[in-house]
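To start, the structure itself, in structure tokens.
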Amino acid sequence: MSDTFWKPSDEQLRTILLLEVVGLLHDLGKLSNGFIKRVAEDRPANFRYDYELLADPNMVFPQMEKSISKHTNTMQKRANDANRDAPFKDRPDMTRYFQSHSLQGWDEQQYNLAELLLITEPKYVGINWSQILGKSMEPAKLIGRLHGVAHYEKEEAEKDQYKQPFADTWATSPFGVENHIPVDTPGVDLTVALTTLPLHDISKILTDKRRDWLAVIRKLMAKGIAETQRPTNEVSLWDWGYTVATMTKGAAAWIFKNGWPAALDDIPYRTLRINLNRLERYIRSEKISDALGVRQTLEEAFKRVRTLLEETYALANRFYHDETGDYYLFPDLYSEDEMTALRDAIQEQFPSDLCPQVHLGERVTAGELDSKSTSYAPQAVRRLVAEPREQALREDAVRSDNNLYLFEEEWSEGRPENAEICTVCGVRPVGYPRQGTAPGVERELARWATQEKAKQRNVCRVCLDRRGRRAQEWVTGDQRGTIWTDEVADDNGRLALFIGKLGLEGWLDGTLLSTIKVTGSTTKKPSPARLYRIAETARSFWRQVTDEIAPKTVGRRLFRLALYPHATSLLDLGDYHTYELNVDGFVLSVVWDKPNGRFLSVENLAYFASRRGVGQNELAGLLQGQTFNILEPSAFQQPGQVLNTVQIERVEKLGGYQPAIPLLAEPGVCMILVPADKVLDLARTVKREYERQMGRVRDRLPLYMGLVFCPRRTPIRAVLEAGRSMLNMAGGEQWKDWRLKDKSPNPGECELVFENGITWRVPILAGDCKTRDKWYPRLYQGFVQRDAKPTLVTELQINPPKGGPNPLWRVWVRPSRFDFEFLDTTGRRFEICYGKDGRRPRRTRPFYLEDMDRLDVLWKLMRCLATSQRHQVIRAIETTRETWYGRNDGNQAQSDDVLWQFVADTLAGATWPKEQPWTSIHSEWQEKLIVAGVSGELADLAELHMEILKE
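Numbered according to our numbering, the sequence shown spans residues 14 to 964.
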């Protein structure tokens with residue numbers, strides 16, 4: 014590894030890491046019931062709480078005389094007042110813990126954490142502490158200045174106008190949904206969180222346990238809130254503290270190299286981005302096991318880089334990360350040569366076929382991020398995340414298979430004789446490395462990743478190892494989840510890829526914060542803490558989908574089978590490799606668990622049993638005592654080859670599992686493999702949760718959902734490529750002008766009815782169900798979007814039913830959309846493409862997200878018809894349309910009165926059941942059925958429910 018770039022000394026590294034702690038905890042006093050009561054609208058007149066006093070000033074500054082410093086004198090006076098509370102009184106051991114950790118600053122002075130934490134407030138930055146304490150207190154001044162830079166979200170509001178009651182205080186998300194903050198609640202309130210913080214373990218920040226310690230701190234600090242007054246109550250104490258800590262870390266490293274700056278506002282940062290398109294790498298995999306192996310390898314590599322930058326060198330913290338890579342708030346330290354050396358050090362943490370791009374973003378100073386600074390630049394905040402991410406998205410993906418000269422060694426001595434190229438990585442020879450030719454590589458491989466086994470699977474040993482390691486972890490783990498697509502498949506042998514995307518454009522650069530009013534003339538401004546909060550809120554939404562909603566929706570399969578063969582010593586099988594057992598002409602997917610001498614079933618046993626024509630519970634008895642052929646796994650249109658025969662001596666039932674495989678859960682993107690028959694329920698639940706969490710800003714934070722259905726043995730490459738295409742359904746023109754037909758303000762929500770048939774129910778009350786939300790539920794209304802003004806939903810103008818629409822009353826939205834496709838062949842994925850308007854060549858696709866509710870009702874009505882009747886009705890409508898207009902009719906058919914009447918007559922003439930005659934359907938829904946038939950939506954519904962889901 015190159016050593017040609019500057020790194021902190023051991024003493025400097027210790028100081029930087031401890032200053033990170035000070036930045037993180039500098040406002041810890043707000044993690045208390047006392048702070049909430051202090052700023053509450055119903056605060057008792059005689060109540061005082063000094064949340065700034067994180068340590069007892071009498072113990073920290075025992076040598077101070079009252080006449081020397083009014084600042085420390087005030088601290089001591091407040092601390093000694095029995096009628097005033099403070100954090101150090103809520104937790105008496107804090108002072109001792111903070112005093113027990115000291116550091117040496119760049120000014121060669123010694124400081125303990127307690128004295129620094131007492132004077133990190135911005136009001137102390139300009140004080141000459143050398144005359145008072147005999148030392149400059151520059152580390153505290155640095156944090157005090159960065160305190161203001163990281164979060165200037167306390168926009169001026171009318172005094173006390175939006176304060177909250179002590180027992181009814183709520184924190185909000187960046188998108189307006191509120192959660193109650195518990196106070197004076199035994200066991201769960203804020204003061205309990207303060208007293209349970211692991212402050213006795215602060216020294217872990219200096220060890221390899223740093224990340225574990227921070228995880229505990231994060232969980233507890235996230236309960237607190239930086240500001241209680243609405244609507245600036247969205248930044249948690251963790252968001253606030255971590256942002257200050259991140260800026261402090263980079264600044265401290267810069268000062269150690271360059272010295273104390275003439276002005277703290279001039280401290281420079283640059284975003285270090287480490288980019289590798291993860292989805293693009295997953296797509297190159299033929300099997301899910303290969304994609305998961307690549308994911309694990311990348312996660313481990315990015316983790317090593319994080320350790321390198323955050324701990325080994327203590328230069329920067331990761332500030333943002335998603336499917337494009339990791340982004341660090343980095344000090345502007347290095348020359349071009351030094352940056353090249355750092356880039357090499359980072360890339361050395363990755364395998365050669367998964368090497369990322371490493372770049373520094375544009376320079377931004379602390380002052381440019383602060384609206385109160387003379388050097389403030391309103392667009393500077395874009396340089397933190399938005400611009401570096403946009404640059405990453407514009408870059409072409411690095412393809413190692415176009416740079417095979419980088420793998421000369423692999424194709425010389427390491428190449429087995431006559432070896433072809435690996436079918437997974439596309440850069441190494443099959444079977445590489447040849448036994449004994451690359452000791453360094455072989456040391457990293459599992460012993461079962463042999464040259465012979467790799468040749469059998471047409472992969473290199475490195476990819477075989479990645480594939481097998483993931484399987485080994487699954488076999489030796491609790492097995493409550495799955496990593497096998499055959500297990501995910503439903504009872505018809507089909508699975509689905511759920512794709513979700515949040516349209517965060519305009520949020521990650523802070524632009525859309527201007528739509529949130531603070532007062533009549535003041536809007537929210539972007540800040541580093543707010544951008545961090547937005548990204549992490551979006552990430553937590555998708556984590557909720559993968560960790561809670563999806564498992565609950567798909568449920569659990571009843572059991573797996575463990576098959577114990579006779580004479581296992583005679584079986585020459587790869588450890589943790591997948592095979593197939595030929596059971597009377599039907600193949601059962603299994604994985605070989607060599608340490609336990611057994612095969613584990615890895616497919617949906619209900620589907621396997623249905624093919625055999627037996628019950629699922631009969632399988633154990635059916636398989637026990639039988640002799641079967643062992644086959645290499647078959648692939649898409651490729652049958653497996655017989656390897657051996659085996660007699661099953663004993664069969665056991667094992668516990669159940671959840672049939673879902675999460676692939677991505679980043680702020681903007683989510684992908685999960687689930688059973689095909691469960692994915693519609695998942696989509697509906699995600700839609701409801703989106704409306705709950707983001708309903709107030711749904712006009713400018715769209716949700717795009719796509720469903721890719723496929724047979725269970727479809728190459729994962731084709732499935733992921735289809736999913737990637739669906740991420741583009743937003744199109745190029747994002748803002749659409751809708752016309753408001755009607756609005757109905759209800760007690761808790763405002764119903765908006767648009768002329769396109771879409772209805773929104775927008776929440777208009779805050780979390781307490783009493784306070785009117787004046788800040789979030791606003792829509793752009795005006796002639797053009799760029800000049801439109803955010804208007805409260807209750808004040809939107811309605812287009813009159815007569816006299817024509819008023820062009821000034823257009824409502825501008827970024828529509829949410831929904832789409833699906835069935836990959837009956839892998840080539841079908843190429844039909845998923847979207848124009849600039851977000852439309853596909855298929856006339857009905859994609860749908861508006863809100864159409865899901867309407868389509869569900871339409872299909873519920875159509876299900877009243879017998880299956881044959883449904884087929885006949887829809888076939889008659891589609892055949893007539895194609896005869897009259899061809900397959901690509903544009904919108905001509907929808908304006909044809911004759912076709913309209915034909916569809917109406919066809920539906921009315923169908924054989925409806927006695928309990929649900931056509932005339933019993935409300936006229937509104939009769940018309941919607943006719944419109945769906947004319948537009949082709951009924952054909953889409955039939956494809957989805959009858960052909961794909963086989964209802």
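By construction, the Cβ of each residue, glycine as well, lies at the ideal position given by its N, Cα and C atoms. Predicted model only: the values in this text are computed from it and were never measured.
The beta-bridge partner set that DSSP reports for Phe835 consists of Phe722.
One thing to note: Asp694 has its Cβ no nearer than 8 Å to the Cβ of Tyr620. Along the length of the segment 435 to 519, whole beta strand (DSSP E) runs at least 3 residues long occupy 507 to 515, reported in chain order. Judged by beta-carbon spacing, Phe511 lies within the 8 Å limit of Ile685, meaning their Cβ atoms are closer than that value. Assignment of Ala779 by DSSP, reduced to helix, strand and coil, places it in the coil class. Closest in C-alpha terms to Phe269, from the list Ala393, Tyr861, Gly598, Ser22, comes Ser22. Considered as a whole, the segment 119 to 202 harbours 123 to 125, 183 to 185, 191 to 193 as its complete beta strand (DSSP E) runs of no fewer than 3 residues, in chain order. Looking at the DSSP output, Arg283 bridges to Phe343. Under the three-pair Cβ rule at 8 Å, the segment 49 to 59 counts as touching the segment 192 to 208. Approximately 5 Å separates the beta-carbon atoms of Asn741 and Tyr847; this is inside 8 Å, confirming the contact. For Ser623, the enclosing alpha helix (DSSP H) covers residues 618 to 625. In this structure, Gly795 is the residue among Gly494, Leu477, Gly795, Gln939 with its C-alpha nearest to the C-alpha of Arg823.
A distance of 8 Å or more separates the beta carbons of Pro442 and Gln464.
By the Cβ-count criterion, Phe111 is buried, with 16 or more other Cβ atoms from all chains shown falling within 10 Å of its own Cβ.
It is roughly 39 Å from the alpha-carbon of Gln370 to the alpha-carbon of Asp800.
In terms of CA proximity to Gly638, His579 leads the group Trp605, His579, Val318, Asn59. Pro364 and Thr284 have their C-alpha atoms some 24 Å from each other.
When beta bridges are read from the DSSP output, Arg331 appears opposite Tyr341.
At a Cβ-Cβ threshold of 8 Å, Cys473 and Gly444 count as neighbours. CA-CA distance, Thr932 to Leu862, rounds to 29 Å. For Glu403, the enclosing alpha helix (DSSP H) begins and ends at 399 to 407.
Going by beta carbons, Leu126 and Val35 fall inside the 8 Å limit. Relative to Ala304, the option among Pro608, His334, Asp478, Thr857 whose CA is nearest is Asp478. By the beta-carbon neighbour count (other beta carbons within 10 angstroms, threshold 16), Asp712 is buried.
Asn741 carries a coil assignment under DSSP once its states are collapsed to helix, strand and coil. 8 Å or more divides the Cβ of Val454 from the Cβ of Pro672. Counting only the Cα atoms, Arg725 lies some 5 Å from Arg507. Residue environment analysis places Cys723 among the buried positions, since at least 16 neighbouring C-beta atoms fall within 10 angstroms of its C-beta.
For Met684, the beta-bridge partners assigned by DSSP are Ile512, Leu677. Under the DSSP definition of a beta bridge, Gln747 lacks any partner. Under the Cβ criterion (8 Å, minimum of three pairs), the segment 239 to 256 counts as touching the segment 545 to 561. Short of 6 Å from the beta carbon of Gln448, and not among the five residues preceding or following it, lie these beta carbons of its own chain, in chain order: Gln464. Membership of Ala575 in the beta strand (DSSP E) is indicated by the continuous run 573 to 578. Listed in chain order, the alpha helix (DSSP H) runs fully inside the segment 880 to 935 are 880 to 898, 910 to 921, counting runs of at least 4 residues. Less than 8 Å divides the Cβ of Phe599 from the Cβ of Arg625. An exposed status is given to His213, since fewer than 16 other beta-carbon atoms sit within 10 Å of its beta-carbon.
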